[in-house]
Amino acid sequence: MNRSSVKLPGMDMKNPILPASGCFSFGREFASLYDLNQLGAVTVKAATPEAKRGNALPRAAETTAGMLNAIGLQNPGVEKVISEELPPLQQYDVPILANTAGSSPEDYVYTARRLSRSGLVSALELNISCPNVKDGGIQFGSDPESAAALTKAVKEVSSVPVYVKLSPNTSDITGMAQAVESAGADGLSMINTLIGMKIDVRTGRPILANTTGGLSGPAVKPVAVRMVYEVSQHVSIPIIGMGGVSTLEDVLEFLYAGASAVAVGTANFTNPWICPELITALDTWLEEKEETVSSIKGRSWKPCMSAL
Amino acid sequence: MNRSSVKLPGMDMKNPILPASGCFSFGREFASLYDLNQLGAVTVKAATPEAKRGNALPRAAETTAGMLNAIGLQNPGVEKVISEELPPLQQYDVPILANTAGSSPEDYVYTARRLSRSGLVSALELNISCPNVKDGGIQFGSDPESAAALTKAVKEVSSVPVYVKLSPNTSDITGMAQAVESAGADGLSMINTLIGMKIDVRTGRPILANTTGGLSGPAVKPVAVRMVYEVSQHVSIPIIGMGGVSTLEDVLEFLYAGASAVAVGTANFTNPWICPELITALDTWLEEKEETVSSIKGRSWKPCMSAL
Amino acid sequence: MKKHAAVISSKEMIQENICSMTLQTDEPLEARPGQFLHLLPPGEGRFILRRPISICEIEETECRIVFRLEGDGTKAVAKQNSGDKLDVLGPLGQGFPDIQSGTVLLIGGGVGVPPLLAAAEQLHKNGVRIQARIGFADQNQVMLVEEMEKWAETIVYTEDGSAGRKGRVTDELETDNGFDTYFACGPKPMLKAVEAKAPASGYVSLEERMGCGFGACYACVMEKEDGTLVKACLDGPVFQSREVLL
Amino acid sequence: MKKHAAVISSKEMIQENICSMTLQTDEPLEARPGQFLHLLPPGEGRFILRRPISICEIEETECRIVFRLEGDGTKAVAKQNSGDKLDVLGPLGQGFPDIQSGTVLLIGGGVGVPPLLAAAEQLHKNGVRIQARIGFADQNQVMLVEEMEKWAETIVYTEDGSAGRKGRVTDELETDNGFDTYFACGPKPMLKAVEAKAPASGYVSLEERMGCGFGACYACVMEKEDGTLVKACLDGPVFQSREVLL
Ligand SMILES: Cc1cc2nc3c(=O)[nH]c(=O)nc-3n(C[C@H](O)[C@H](O)[C@H](O)COP(=O)(O)OP(=O)(O)OC[C@H]3O[C@@H](n4cnc5c(N)ncnc54)[C@H](O)[C@@H]3O)c2cc1C
Ligand SMILES: Cc1cc2nc3c(=O)[nH]c(=O)nc-3n(C[C@H](O)[C@H](O)[C@H](O)COP(=O)(O)OP(=O)(O)OC[C@H]3O[C@@H](n4cnc5c(N)ncnc54)[C@H](O)[C@@H]3O)c2cc1C
Ligand SMILES: Cc1cc2nc3c(=O)[nH]c(=O)nc-3n(C[C@H](O)[C@H](O)[C@H](O)COP(=O)(O)O)c2cc1C
Ligand SMILES: Cc1cc2nc3c(=O)[nH]c(=O)nc-3n(C[C@H](O)[C@H](O)[C@H](O)COP(=O)(O)O)c2cc1C
Ligand code: FES
Ligand code: FES
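Chains as they are written, first to last, in the numbering used here: chain A, 8 to 315; chain B, 8 to 315; chain C, 5 to 250; chain D, 5 to 250.
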C-alpha cells in the first residue's frame with residue numbers, strides 16, 4: 008500500500024489532499040494548469056436545484072490572513088452541472104465529491120437524488136452551512152435536529168455515500184457531528200466558513216454587497232483544528248478537515264488532529280498549484296519519516312505511540 | 008464637549024479606547040510606561056472568589072495573525088484584588104471596569120457584590136465566556152437563559168453598572184445579547200476569544216498544556232466586527248467592541264459597526280504603547296474630519312447621513 | 005498563465021504614492037496590452053489575495069508596472085527593493101484588441117492610465133494613429149505623461165486644474181469625431197460617462213475586485229446586456245463598450 | 005524597557021541555521037548580561053508575539069544577537085538585511101548577578117550559549133576567573149567558540165562527537181570542584197541535569213515561551229519551591245538554581 012493513500016466512504020484516494028468546494032469551481036481552470044489525476048479527490052462547487060446568479064459585487068474582500076466571500080452559491084443548477092460541468096471530470100481517475108446546497112430539505116433531496124443517480128459522482132457533500140444566501144440552509148447548520156432530519160432524508164434517496172459539511176458558527180460542534188452521524192452520515196466535512204465582515208473605513212460601509220461573508224484562510228485554522236480535534240474523538244465516521252490549509256505543516260496538523268483527509272480551499276486562489284505541491288511535500292515527508300497517513304491520524308489525542 | 012469623549016453607564020470616558028481584560032493585568036506594568044490618565048478606561052484582569060493559580064505552561068502560542076492563550080484566570084482572588092491590585096489605580100482619573108469570572112452563579116454574585124461595594128470600581132464586566140478553565144462559566148456563554156439568570160442575579164447585588172461579556176462561540180449572538188439586555192445588563196462587551204488550538208508538528212501534540220485556548224488578535228477581527236454590527240442593531244444598550252484591534256482603522260471599523268467604545272487586547276503585548284498611540288491617532292483623525300465619536304457610531308448600518 | 009518568481013530590477017516612486025517597478029521574469033511573459041499580473045504582496049501568510057496590476061510596458065522578459073499605494077498590499081509591494089523577489093501570476097485576462105488601422109482614442113483615469121501606455125506602444129507599432137486623454141485628481145497623481153506623448157497626441161486633465169486642463173477626460177468627448185474606436189480604463193463612473201458620451205463604440209477595461217484572477221472563485225462575475233454572466237478576470241478585464249452592465 | 009527602531013548594521017549566517025546580527029539603537033540599551041530583547045518579526049500583522057532573544061554582546065548603542073532559525077518568526081527576522089529596521093523591545097528581565105571574584109563556570113547548551121558570552125565578557129571585566137562548558141547537538145550547531153575562548157577556558161561538547169568532546173556539558177560536572185558558582189542556560193532537561201549534578205549552587209536562565217515579555221499576560225508564570233508564583237519574563241529569565249520548579 009501507498010503511504011499516502013486513504014480509503015473513505017465512496018472515495019479511494021491516492022492521497023488525502025483534495026480541493027474544497029467553491030475554491031476549485033468545476034476544475035476546468037485547474038485542469039489547464041496541472042494533471043488533476045494527481046489529486047486525492049475533487050470537491051466541486053455547490054449545486055442547487057435551479058440556477059443561481061449569486062450575490063451582487065463586491066463578493067470578496069481580504070482580511071488579515073483571511074478572506075471573506077459572499078459568492079452566494081452561483082451555479083448553473085443541478086441539471087447543467089450534470090450535463091455540462093461534471094462530464095469533463097470523468098476523464099480523470101479521481102473521486103468526485105459533489106457539494107449541494109438548498110433552502111429546504113426538498114431542495115437537498117432533489118439535488119442529492121439527481122447527482123447520486125447521475126453516475127458521475129463518488130459521494131455527496133451536504134453544505135448545510137452556507138452563510139451567504141438568505142435561504143442557504145444556515146438553519147440546518149446550527150440546529151442538530153434539523154441537520155439530522157435533513158441527513159436522513161438525503162440518505163434515503165442517495166445511492167452514494169453522504170458527507171455532511173459542518174458550520175463552525177455553533178457553540179456545540181460535537182453535538183452537531185453526533186446528530187448527523189446518528190442520522191446516517193458517512194462522513195463529515197469541517198469546517199465551512201465563519202461569518203465575518205469588513206467595513207471600508209473610507210466610506211464607513213460594509214465592503215461586501217451582501218454585508219457579511221464567510222471567513223476562510225489561515226486566520227481560521229486554529230478554530231478548524233480545534234473542532235476536528237474535538238469531533239474526531241467523539242464520532243467514528245471519517246472527517247475531511249479544512250480551514251486555512253496552505254502548507255505541509257497545516258496538512259500534518261489536521262491529520263494529527265484526527266482528520267482522515269485534508270481539503271484546501273482559499274489557498275487555491277493564492278497559489279493555483281498548491282494542491283499538487285502539498286501532495287508532493289506530504290509524500291516526501293511520509294517517506295522520510297517512514298510514516299503513513301493512517302499512522303499519524305489522530306496522533307494529537309491518541310495514547311503515545313512507539314513511533315513518537 | 009470633546010470630540011473623543013463618550014459616556015457609558017458608570018464610565019465617563021475621555022475617549023472610547025480602553026485595554027481589554029486580561030491584556031493589561033492590573034495596570035502596574037503599563038503605569039511605568041505611560042500615564043494611565045490618557046486612557047478612556049481600564050479593564051482589569053478577571054477576579055474570582057478565591058485565588059487561582061492558572062493552567063500549566065505553555066499557556067500561549069502564536070497562530071497566523073493571532074494568538075492562543077490558556078492562562079486559566081490566574082488571579083489572587085477577589086479579596087486581594089480589592090486590597091492590593093485596585094488601590095494603586097485610584098490615583099488615576101480613569102474609570103475602572105472590573106472583570107469577574109466564576110464557575111457558578113454564586114461565584115459571580117459573590118465577586119460582584121464585593122467588587123461593586125469596594126468603591127474602587129466604576130462598573131463590572133461579567134466574563135461568562137472564558138474558554139480556558141473547565142469551570143469557567145462557558146455554559147453561561149452559550150445558553151441565553153442561564154446568561155439571563157446570571158445577569159439578573161448579579162444586577163440585584165451590584166451597586167455599579169454591569170456589562171456582560173459575550174462569547175463568539177455561539178450560533179446566535181443576537182439572541183444572547185437580547186437575553187442579557189432583558190435581564191438588565193447595562194452594557195455589552197464583545198467579543199471574548201474563539202476557541203482554537205494549535206498542534207506542534209514536531210511532536211504531533213497540542214502546544215498548549217490546556218490543549219485548547221482562546222484565539223485573539225487580527226485573525227478574529229472580521230468575526231468580532233460582524234457580531235458588533237449585528238447586535239448593535241438589535242439592542243439599545245452600549246457595546247464595548249473588541250477583537251483584533253491594533254490600528255486606527257480597526258478602531259474606526261468597530262465604531263462604524265456600532266460599538267460605543269473599543270477595547271484593545273492582544274495588541275498590548277505586541278506594542279505596549281498601543282493604547283495611547285491609538286488615542287492620539289483617533290483624536291487627530293476626528294479633528295481632521297470634523298467628526299465626533301458619537302457621530303460615526305453605527306455609520307455602517309445607519310441610513311446615509313449628510314456627513315458622508 | 006504561469007507563476008513567476010520575478011526579480012525587481014528597479015523601483016522608483018514617481019509620485020508620493022505612485023510606484024513604478026520593473027520586473028524581470030525567467031521566461032518572456034508574452035502578454036498583450038490590457039492583460040494584468042496578479043501580485044502576491046510579501047508577508048508570510050498575511051496576504052491571502054493577490055493584487056491585479058496592469059502591464060504598463062513589456063519587452064521580452066522585462067515588464068514594467070505602475071501602481072498607486074492604496075492599502076496594505078500595494079504598500080507592502082512598494083516596500084520591496086530591487087533585487088527582491090516578487091511572486092507574480094500572469095499574464096491574466098483578455099487584453100485590448102489588436103487594431104491595425106484608423107485612429108484610436110485612449111481614455112484613462114488615474115491608475116487606469118498604465119495599461120493604456122502598453123496599448124499605445126502596440127498601436128504605434130501597428131501604424132495606428134493615437135490620441136490620448138488622461139485625467140487625474142490633481143498634480144500629485146499625474147503620471148506617465150511623457151511616456152504617453154511618445155506615442156500619442158496627449159491631453160492631460162486634472163479635476164482641480166493643478167496640471168493640464170481643468171476638468172475630466174470625458175468633458176469634450178461628445179463632440180470629438182476624430183477617432184474610430186477607443187480604449188478606456190479607469191474608475192467605473194468614468195467608464196459609464198465614456199460609454200454614454202463617446203460618439204463611437206470602443207473597449208473598456210474594468211477594475212473589479214478580484215479573488216483568484218483566473219476564473220475559479222466567481223468573485224468578479226458581471227452581467228452582460230443579454231443577462232448572461234461573465235468573469236471580469238477571465239473574459240475581461242477588457243470588454244466591448246456596453247457589453248457588460250457597469 | 006523601551007521600544008527601539010533598531011537598525012540592522014550587519015547580518016551573517018554563522019551556521020546554516022544560525023544567524024548573527026548586529027543591531028544599532030538610537031540610545032544605549034543599558035542592558036545586563038542575561039537580559040533579553042523582544043523582537044517583532046516583520047510581516048504587516050502576520051506576527052503577534054515578539055520573540056525573546058538574549059543579548060550576546062553589547063557596547064553602547066550596538067548590540068549583537070545570535071539566534072537559531074526555528075519557526076516562521078526567526079526565519080522572517082533572518083531574512084532582513086543590513087540597513088533594514090527591526091522593532092525591538094528591551095532590555096527585558098533580570099540578568100545574571102554581577103559576580104566580582106572567584107571562579108564562575110558557564111554552562112551552555114545550543115542557543116543558551118549567546119547570553120553566556122555576554123556574561124563572560126562582563127565577568128572578565130570584573131576580574132573573575134571563567135570556565136565554560138558549551139554543548140551542541142552536532143558540528144552544524146556549534147557557535148561562538150572562538151569568542152568564548154577569549155574570556156574563558158572553554159570545553160566544547162557535541163552529542164554525536166562531530167566536534168569537541170563527545171557527550172554533554174553535564175557529563176563531568178559532578179566531580180568538578182573548580183568553580184564557586186555557575187551560570188547555566190539551555191533547554192530544560194539540561195538545566196535539570198545541571199541543578200542535580202553541580203556540586204555548587206548557581207544561576208539558571210530559562211527559555212520559557214512568552215507572551216508579552218514584560219509581565220502583563222501571565223503566559224510565563226512558574227512556581228517557586230515555596231509555592232509562590234513568579235514570572236519568567238519579569239522576575240527571570242535568570243533565577244537562582246532550584247529557586248523555581250523546572
Ligand atoms: C485588472 C486590473 C488592473 C489594475 N491595474 C492597476 C494598475 O496598473 N495600477 C494600479 O495602481 N492599480 C491597478 N488596479 C487596481 C489595484 O488592483 C488596486 O489598487 C489594488 O488591488 C489595491 O490593493 P491594496 O493592497 O493597496 O488595497 P487593500 O484595500 O488592502 O486591498 C484589499 C483587497 O481589495 C482589493 N482592492 C482594493 N481596491 C481595489 C481596486 N480599486 N480595484 C481592484 N481591487 C481592489 C485588493 O486587490 C485586495 O484583494 C487594477 C485593478 C484591476 C482589477
Ligand atoms: C529569555 C529567552 C532568551 C532566548 N534567547 C535566545 C537566543 O539568544 N538565541 C536563540 O536562538 N534563541 C533564544 N531563545 C529561544 C527563542 O526565543 C525561540 O527560538 C524563538 O522564539 C522561536 O521563534 P520562531 O518564530 O522561530 O518559532 P515559532 O515556533 O514560529 O514561534 C511561535 C511562538 O512560540 C515561541 N517559541 C517557540 N519556540 C520557543 C523556545 N524554544 N523558547 C521560547 N519561545 C519559543 C515564540 O517566541 C513564538 O511566540 C530565547 C528564549 C527565551 C525565553
Ligand atoms: C470563494 C469561496 C467559495 C466557497 N463556496 C463553497 C460552496 O459552494 N460550498 C461549500 O460547502 N463551501 C464553500 N466554501 C467553503 C470552503 O469549501 C471551505 O470550507 C472554507 O473556505 C474553509 O477552508 P479554507 O480556509 O481552506 O478556504 C467556499 C469558500 C470560498 C473561499
Ligand atoms: C492573554 C489573554 C488573557 C485574557 N484574559 C481575559 C480575562 O481574564 N477576562 C476576560 O473577560 N477576557 C480575557 N481575555 C479576552 C480579551 O479581553 C479580549 O476579549 C480578546 O482577547 C479579544 O480581543 P483582542 O483580539 O484585542 O485580544 C484575555 C485575552 C488574552 C489574549
Ligand atoms: S477573480 Fe476569481 S473568478 Fe474572477
Ligand atoms: S510573558 Fe507575559 S507575563 Fe511573562
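All C-beta atoms, glycine included, are put in the ideal place defined by N, C-alpha and C.
Boundaries of the beta strand (DSSP E) in which residue i is found, first to last residue
i, result
"B/T50", "49–54"
"C/H8", "6–19"
"A/A78", "Sequence inspection shows Ile at residue 78 of chain A; the Ala mentioned does not correspond to that position. It is not in any beta strand (DSSP E) - A/I78 carries neither H nor E in the DSSP assignment."
"A/T71", "No beta strand (DSSP E) holds A/T71; DSSP gives it neither H nor E."
"D/Q244", "242–244"
As assigned by DSSP and simplified to three states, the class of residue i
i, result
"A/D19", "strand"
"A/I202", "strand"
"C/Y222", "coil"
"C/F183", "coil"
"B/D257", "helix"
"A/C282", "helix"
"A/G143", "Note that A/G143 scores a pLDDT of 49, beneath 50, so its modelled location is shaky; the value from the coordinates is reported in the next line. In the structure shown, A/G143 sits in coil (DSSP, three-state: anything other than H, G, I, E or B)."
"B/Y263", "helix"
"A/N217", "coil"
"B/G148", "helix"
"C/I22", "strand"
Bounding residues of the alpha helix (DSSP H) (the contiguous stretch that carries residue i)
i, result
"A/V116", "112–124"
"B/Y236", "228–239"
"D/G49", "Note, D/G49: premise wrong, no alpha helix (DSSP H); not H, not E."
"B/E151", "Note that residue 151 of chain B corresponds to Pro in the displayed sequence, not to Glu. Here the alpha helix (DSSP H) through B/P151 covers 151–164."
"B/S89", "Just to set this straight, residue 89 of chain B is Ile in the shown sequence, not Ser. Taken as a continuous stretch (DSSP letters only), B/I89 belongs to no alpha helix (DSSP H), as it is neither H nor E."
"B/N10", "The question names Asn, but residue 10 of chain B is Arg in the sequence shown. Careful: B/R10 lies outside any alpha helix (DSSP H) and carries neither H nor E."
field: Any heavy atom of ligand 1 nearer than 5 Å to the CB - residues listed
entry: A/E69, C/F40, C/L53, C/R55, C/P56, C/I57, C/S58, C/F71, C/R72, C/E74, C/G75, C/D76, C/G77, C/T78, C/V115, C/P118, C/E211, C/R213, C/P241
message: Does the contact criterion of 3 or more C-beta pairs under 8 Å hold for the region 146–162 of chain C versus the region 73–90 of chain C?
response: no
query: If you measure beta-carbon to beta-carbon, which residues of the region 75–94 of chain B are closer than 8 Å to chain D?
result: N76, I78, Q81
query: Quick one, which residues of the region 158–186 of chain D are near chain B if we go by CB-CB under 8 Å, in chain order?
result: none
message: I'd like to know if the region 255–265 of chain A and the region 297–312 of chain A are in contact, where contact means that at least 3 CB-CB pairs between them fall below 8 Å.
response: yes
- prompt: Residues in the region 48–62 of chain C with C-beta within 8 Å of chain D's C-beta atoms, listed in sequence order?
  reply: E48, G49, R50, F51
field: Proximal residues, the region 80–101 of chain C versus chain D, C-beta separation under 7 Å
entry: A80
task: Could you run through the region 212–237 of chain A and flag, in chain order, every residue whose CB is less than 7 Å away from some CB of chain B?
output: R212, P213, T219, L222, P225, A226, K228, P229, V230, V232, R233, Y236
- prompt: Any residues in the region 254–284 of chain B with a beta carbon nearer than 8 Å to a beta carbon of chain D? Which ones, in chain order?
  reply: T273, N275, F276, T277, N278, P279, W280
- prompt: Between the region 219–236 of chain B and the region 70–79 of chain B, do three or more beta carbon pairs fall short of 8 Å?
  reply: yes
message: Counting only Cβ-Cβ distances shorter than 7 Å, please list the residues of the region 65–77 of chain C near chain D, keeping chain order.
response: D76
field: Contact the region 176–189 of chain C vs the region 231–251 of chain A: 3+ CB pairs below 8 Å
entry: no
query: Can you list, in chain order, the residues of the region 212–225 of chain C whose Cβ is nearer than 9 Å to any Cβ on chain A?
result: E212, R213, M214, G215, C216, G217, F218, G219, A220, C221, Y222, A223, C224, V225
query: Residues in the region 35–47 of chain C with C-beta within 7 Å of chain A's C-beta atoms, listed in sequence order?
result: L44
- request: Take every Cβ of the region 47–59 of chain A, pair it with every Cβ of the region 10–28 of chain A, and state whether three or more of those distances are shorter than 8 Å.
  value: yes
- prompt: Counting Cβ pairs closer than 8 Å, one from the region 82–97 of chain D and one from the region 110–127 of chain D, do we hit at least three?
  reply: no
task: Check each residue of the region 143–158 of chain C: if its Cβ is closer than 8 Å to any Cβ of chain A, include it; give the result in chain order.
output: none
task: Using a Cβ-Cβ cut-off of less than 9 Å, give me the residues of the region 60–74 of chain B that come near chain D, in sequence order.
output: R60, G61, L64, P65, R66, A67, A68, E69, T70, T71, A72, G73, M74
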